[in-house]
Amino acid sequence: MTDWNHMTLAGFQRALNNEELAPLDWWRACRKRIDALDPTLQAWEYLAPEPAITARNDEPPGPPLFGVPVGIKDIIDTVRLPTSWGTRGYHRVDGTDMDAAIVTLLTRLGALPMGKTVSTEYAYFQPSKTRNPHDPTRTPGGSSSGSAAAVAAGMVPVALGTQTVGSIIRPASYCGVVGFKPTHGTLSVAGLKALAPSLDTLGWFTRHLGDTRTLFTALTGSEPVAARERLDGVRVGLCQVPSTPTPSPEAVTALQDAADRMTALGAQLSPIDMGASFDELVTHQQVILAYEAARALASDRHRFEASMSPALIALLDEGQAIPLTRYWRSRQAADRARLVLSQYLTDRCDVLLAPSAPGVAPQSLETTGDPVYSRVWTLMGAPCVNLPLYWTPQGLPVGVQLIADRYQDPRLLSIASALMA
């Protein structure tokens, strides 16, 4: 019997080439798992009918993602499936004129959309119906709630997510999967619902770091990312930020455990205390988010304000009240900080190691958790990857994230591979 949870994208293609598996085998196995688990976890908004494929379109090796089931976050336009942007139906279209660019790209690479995964409302903070696979009384995080939960539960090997604040890294930490946010702008967001365009970033979740490397190569057309076994000579900045909230003992242990692993693999670690500068950048990120969201969702607010959550209305009100000059000051502060970070990541270290979240997933379905540990890295446009390296004695994951300079995504994934080997 095939162990689908340990199947990798590359392994599946090998099995297809050797005629050990059929093209729809993974899709059908995932659908069975969805039927069994989703009544409890509620990770899916809409499911696609079984696709009609029987063989590759060309000779091996063929499309690199041929037959791979993929979850599509429900803020991403699709022709054949409804899109409701996490609004629980108060705003919904039953298919659009065109698929989002990323959906078209995935299907051309051979992937099979399994359906639309649950998002929080307009990818902001209003909790969704999805539950954490490791404890259904806990949040899976947000806004990419369904994508993270679906991958963690083995419902799909890959699911798309977006991050404007912490919507990939935080749910990846809470659900115990690999979550990757590339450099801002790496993948087209055409056909995605905007929240804050200067921050919105398209990424994805997998169970295996090797699958994230495979996807990066396939989706960007880049050279394959080499896996590393050692980290000799790699310089790592160990971040003890932000000042609030104080990380839980589990988050501290997870960070120290990752630091010890990197040291054992030959990396050179040095502590970094960004102090007040980190907190200032958090404020700038909040200003940019609110200002841009108020304008990006102006039409939606005009049509659906009576149905919108209080949390979303509060954000839009805040953004509407921000003067243009204040927004510009925050944008300029971000520009300066990116230059400082780039210089630091050239002169002093290759990657940063930081907490992904303040601790385990909160035991509540009325919150998506605190995203503050991701705000600055999203503001910087930097590539980040959550690594599910530590689990509490109760079986709950606590992730750590590696951060690299912009446009250093391959280096980031190569270094991360040594930790996940």
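In terms of the working numbering, the sequence shown opens at residue 11 and continues consecutively. The beta carbon of each residue, even a glycine, is placed where N, CA and C say it ideally should be.
(request) Identify, in the order they occur along the chain, each residue of the same chain with its Cβ nearer than 6 Å to the Cβ of Ala432, setting aside the five sequence neighbours on each side. (result) In the structure displayed, the chain extends from 11 to 431; residue 432 sits before or after that span and is not available.
(request) Please report the residue range of the beta strand (DSSP E) in which Thr216 lies. (result) Within the sequence shown, residue 216 is the residue found at index 206, counting from 1. Where Thr216 is concerned, the enclosing beta strand (DSSP E) stretches over 211-216.
(request) Classify Glu239 as buried or exposed, calling it buried when 16 or more other Cβ atoms lie within 10 Å of its own Cβ. (result) Counting from one through the sequence shown, the residue named residue 239 turns up at place 229. Glu239 should be labelled exposed.
(request) Measure from the alpha carbon of Leu307 to the alpha carbon of each residue in Arg38, Val168, Ile323, Arg271, then state which is nearest. (result) For the purposes of this step, residue 307 is taken as the residue at position 297 of the sequence shown. Of Arg38, Val168, Ile323, Arg271, the residue nearest in Cα terms is Ile323.
(request) With a cut-off of 8 Å on the beta carbons, I'd call Thr140 and Ala53 a contact; round off their distance for me. (result) As a working mapping, residue 140 is identified with position 130 in the sequence shown. As a working mapping, residue 53 is identified with position 43 in the sequence shown. Confirmed, about 5 Å.
(message) Whole angstroms are fine: how far does the CA of Ala303 sit from the CA of Asp310?
(response) Taking the sequence shown and counting its residues from 1, the one referred to as residue 310 is at position 300. Taking the sequence shown and counting its residues from 1, the one referred to as residue 303 is at position 293. Rounded to whole angstroms, Asp310 to Ala303 spans 11 Å at the Cα level.
(request) Quick one: grab the DSSP three-state call for Met124. (result) Numbered from its first residue, the sequence shown carries residue 124 at position 114. The answer is strand: DSSP assigns Met124 an E or B state.
(message) Less than 8 Å between the C-beta atoms of Ser183 and Gly405, yes or no?
(response) Locating residue 183 in the sequence shown gives position 173, counting from the first residue. Locating residue 405 in the sequence shown gives position 395, counting from the first residue. Contact flag unset, no.
(request) Output the boundary residues of the beta strand (DSSP E) element that contains Gly189. (result) Here residue 189 corresponds to residue number 179 of the sequence shown, with the count starting at 1. Where Gly189 is concerned, the enclosing beta strand (DSSP E) stretches over 188-191.
(request) Please state whether DSSP places Thr149 in a helix, a strand or coil. (result) Within the sequence shown, residue 149 is the residue found at index 139, counting from 1. It is coil, neither helix nor strand.
(request) Could you tell me the distance, in whole angstroms, from the CA atom of Asp109 to the CA atom of Asp283? (result) On the sequence shown, position 99 is the one that residue 109 refers to. On the sequence shown, position 273 is the one that residue 283 refers to. In a straight line, the C-alpha of Asp109 is about 44 Å away from that of Asp283.
(request) Quick one: grab the DSSP three-state call for Pro167. (result) Numbered from 1 along the sequence shown, position 157 holds the residue referred to as residue 167. DSSP places Pro167 in coil when its eight states are reduced to three.
(request) To the nearest angstrom, report how far apart Val292 and Ser208 are at their CA atoms. (result) The sequence position of residue 292 within the sequence shown is 282, counting from 1. The sequence position of residue 208 within the sequence shown is 198, counting from 1. Straight-line Cα distance between these residues: approximately 15 Å.
(message) Please report the straight-line C-alpha distance between Pro255 and Cys249, rounded to a whole angstrom.
(response) The residue labelled residue 255 in the question sits at position 245 within the sequence shown. The residue labelled residue 249 in the question sits at position 239 within the sequence shown. Looking at the two C-alpha atoms, the distance is approximately 14 Å.
(request) Would you kindly check if the distance between the Cβ of Asp221 and the Cβ of Thr97 is under 8 Å? (result) Mapped onto the sequence shown, residue 97 falls at position 87. Mapped onto the sequence shown, residue 221 falls at position 211. It is not a contact, given that the beta carbons lie outside the stated cut-off.
(message) Can you tell me whether Ile332 is helix, strand or coil according to DSSP?
(response) The residue labelled residue 332 in the question sits at position 322 within the sequence shown. Three-state result, Ile332: coil.
(request) Might you give, ordered along the chain, the residues of its own chain that have their beta carbon closer than 6 Å to the beta carbon of Gln411, omitting 5 neighbours on each side? (result) By 1-based counting over the sequence shown, the position of residue 411 is 401. For Gln411, where only same-chain residues beyond five positions count, the Cβ hits under 6 Å are Ile179, Ala364, Ser366, Cys394, Asn396.
(message) I need the boundaries of the beta strand (DSSP E) containing Ile282, first residue and last residue.
(response) Your numbering for residue 282 matches position 272 in the sequence shown. Where Ile282 is concerned, the enclosing beta strand (DSSP E) stretches over 278-282.
(message) Check for me: the beta strand (DSSP E) holding Leu275 runs from which residue to which?
(response) Working through the sequence shown from its first residue, we reach residue 275 at position 265. Run containing Leu275: none; DSSP gives neither H nor E here.
(request) Return the residue from the list Met11, Ala121, Thr193, Ser94 that minimises the CA-CA distance to Leu34. (result) Here residue 34 corresponds to residue number 24 of the sequence shown, with the count starting at 1. Leu34 has its Cα closest to that of Ala121, out of Met11, Ala121, Thr193, Ser94.
(message) Could you give the first and the last residue of the continuous beta strand (DSSP E) run that contains Asn396?
(response) Residue 396 sits at position 386 when you count from the first residue of the sequence shown. Its beta strand (DSSP E) spans residues 394-401.
(request) In angstroms with no decimal places, state the Cα-to-Cα distance between Arg339 and Leu375. (result) Position 329 of the sequence shown, counting from 1, holds the residue named residue 339. Position 365 of the sequence shown, counting from 1, holds the residue named residue 375. Rounded to the nearest angstrom, the two C-alpha atoms are 36 Å apart.
(request) Within 10 angstroms of the Cβ of Leu170, are there 16 or more other Cβ atoms? Answer buried if so, exposed if not. (result) Position 160 of the sequence shown, counted from the start, is the residue given in the question as residue 170. Buried.
(request) Indicate the three-state DSSP secondary structure (helix, strand or coil) for Gly156 in the structure shown. (result) Indexing the sequence shown from 1 puts residue 156 at position 146. In this structure, Gly156 counts as helix in the three-state DSSP scheme.
(request) Would you decide whether Gly125 is buried or exposed? Buried here means 16 or more other CB atoms lie within 10 Å of its CB. (result) Here residue 125 is taken as the residue at index 115 of the sequence shown, counted from 1. Per the 10 Å Cβ criterion, buried.
(request) Would you kindly check if the distance between the Cβ of Gly156 and the Cβ of Thr127 is under 8 Å? (result) In the sequence shown, counting from the first residue as 1, residue 127 sits at position 117. In the sequence shown, counting from the first residue as 1, residue 156 sits at position 146. Yes, Cβ-Cβ distance for Thr127 and Gly156 is below 8 Å.
(request) Jot down the residue ranges of each uninterrupted alpha helix (DSSP H) in the segment 60-103, minimum 4 residues, whole runs only, in chain order. (result) none
(request) Please confirm whether Ala414 and Val350 have their CB atoms less than 8 Å apart. (result) The residue you call residue 414 lines up with position 404 of the sequence shown. The residue you call residue 350 lines up with position 340 of the sequence shown. Not a contact, by the Cβ cut-off of 8 Å.
(message) By the DSSP assignment, the alpha helix (DSSP H) with Leu202 in it spans what residues?
(response) Position 192 of the sequence shown, counted from the first residue, corresponds to residue 202. Careful: Leu202 lies outside any alpha helix (DSSP H) and carries neither H nor E.
(request) Compute the distance between the beta-carbons of Ala428 and Thr149, then report whether it is under 8 Å. (result) Numbered from its first residue, the sequence shown carries residue 428 at position 418. Numbered from its first residue, the sequence shown carries residue 149 at position 139. Result no, Cβ atoms of Ala428 and Thr149 do not sit closer than 8 Å.
(message) Using C-beta distances below 6 Å, list every residue in its chain close to Asp419, excluding the 5 sequence neighbours before and after it, in chain order.
(response) The residue given as residue 419 occupies position 409 in the sequence shown. Closer than 6 Å at Cβ, skipping near neighbours: Pro192, Thr193, Pro393.
(message) Could you check whether Cys40 and Pro73 sit closer than 8 Å to each other, using their CB atoms as the reference points?
(response) The residue labelled residue 73 in the question sits at position 63 within the sequence shown. The residue labelled residue 40 in the question sits at position 30 within the sequence shown. In this structure, Cys40 does not lie closer than 8 Å to Pro73 by Cβ.
(request) Determine the burial state of His312: buried for a count of at least 16 other Cβ atoms within 10 Å of its Cβ, exposed for fewer. (result) The residue you call residue 312 lines up with position 302 of the sequence shown. It counts as exposed.
(message) Using CA atoms only, rank isn't needed, just tell me which of Ser280, Asn142, Gln295 is closest to Tyr337.
(response) Start at 1 with the first residue of the sequence shown, and residue 337 comes out as number 327. Per the Cα distances, Gln295.
(request) Just the C-alpha distance for Pro381 and Asn28, rounded to the nearest angstrom, thanks. (result) Residue mapping note: residue 381 aligns to position 371 of the sequence shown, counting from 1. Residue mapping note: residue 28 aligns to position 18 of the sequence shown, counting from 1. Straight-line Cα distance between these residues: approximately 44 Å.
(request) Using the Cα positions of Pro143 and Pro333, report the straight-line distance between them to the nearest angstrom. (result) Here residue 143 is taken as the residue at index 133 of the sequence shown, counted from 1. Here residue 333 is taken as the residue at index 323 of the sequence shown, counted from 1. Taking the straight line joining both Cα atoms gives about 42 Å.
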